[in-house]
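Enquirer: Residue numbers (my numbering), protein chains in the order written: chain A, 1 to 115; chain B, 116 to 227.
Don't be surprised by glycine CBs; every beta carbon is placed ideally from N, CA and C.
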Amino acid sequence: SQTIHQWPATLVQPVGSPLSLECTVEGTSNPNLYWYRQAAGRGLQLLFYSVGIGQISSEVPQNLSASRPQDRQFILSSKKLLLSDSGFYLCAWSELLAGGPGELFFGEGSRLTVL
Amino acid sequence: KQEVTQIPAALSVPEGENLVLNCSFTDSAIYNLQWFRQDPGKGLTSLLLIQSSQREQTSGRLNASLDKSSGRSTLYIAASQPGDSATYLCAVRTSGFQKLVFGTGTRLLVSP
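1) Using Cβ-Cβ distances below 9 angstroms, what residues of the stretch 201-218 of chain B are close to chain A?
2) Should the stretch 17-31 of chain A be called in touch with the stretch 89-98 of chain A, which here means at least 3 C-beta pairs below 8 angstroms?
3) Specify whether the stretch 22-42 of chain A and the stretch 121-141 of chain B touch according to this definition: at least 3 beta carbon pairs, one from each stretch, less than 8 angstroms apart.
4) Considering only DSSP beta bridges, list what A/Leu-96 is partnered with.
5) Going along the chain, which residues of its own chain have a beta-carbon closer than 7 angstroms to the beta-carbon of A/Val-114, five neighbours each way excluded?
6) With contact counted as at least three CB pairs below 8 angstroms, one residue from each stretch, are the stretch 126-141 of chain B and the stretch 179-197 of chain B in contact?
7) Check each candidate in A/Leu-96, A/Gly-109, A/Arg-111 and name the one with the smallest Cα separation from A/Glu-28.
8) Between the beta-carbon of B/Ser-144 and the beta-carbon of B/Ile-165, is there less than 8 angstroms?
9) Tell me B/Glu-132's beta-bridge partners as DSSP assigns them.
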């Protein structure tokens, strides 16, 4: 069966420090991968998605970036965090079926607090 | 631009009651619709996926329906239990495939 792992679960970082959140998927090949952010009191916002190694699409301009160095690994990064980057970050994956993306599955999330 | 609305924002019911959560979307050209639950501080758990060609899906005590023409989906929970307490989110995948647009959720509390 497929599983998704995301870490770290909790992170407290000072303003201006770098960020790296990692996500890996097991039990599938060539998944679509996604990074979402859930800010307090707001809905889920799609940040990045990837349909293959090295292929990253950005949905929202910001100081965050994403990379996919391996088929089942997705990394969210920042060189300098802002206070507004605080939130709950969720990695997700879906299979690419004949008709399009399938069911979406989420990781457990990473709570980032920027002080 | 697809917009997804969930009403009510919060719901409190006694244990054993049957309940309906509502989800509406503005653009009927959807690929699929998915219902999730989220427990506090946790990730989202997929409950049901309905393809655009389907009218409903069932899993245990859960039944989700889809009416594309009216831009609505409902999640029916039968015989609610305290363990059903969570936030329920619906999400619509647009015809562009990759983007899943989420509603802001319905927070459900089932009292024993």
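Expert: Concretely, from the data shown:
1) Leu-204, Ala-206, Arg-208, Phe-212, Gln-213, Lys-214, Leu-215, Val-216, Phe-217, Gly-218
2) yes
3) no
4) DSSP output for A/Leu-96 lists A/Pro-101 as bridge partner(s).
5) Gln-13, Val-15, Leu-81, Leu-82, Leu-83, Asp-85, Ser-86
6) yes
7) It is Thr, not Glu, that sits at residue 28 of chain A in the sequence shown. It is A/Leu-96.
8) The sequence shown places Ala at residue 144 of chain B, not Ser. Result no, Cβ atoms of B/Ala-144 and B/Ile-165 do not sit closer than 8 angstroms.
9) For B/Glu-132, which the question treats as bridged, DSSP gives no partner whatsoever.
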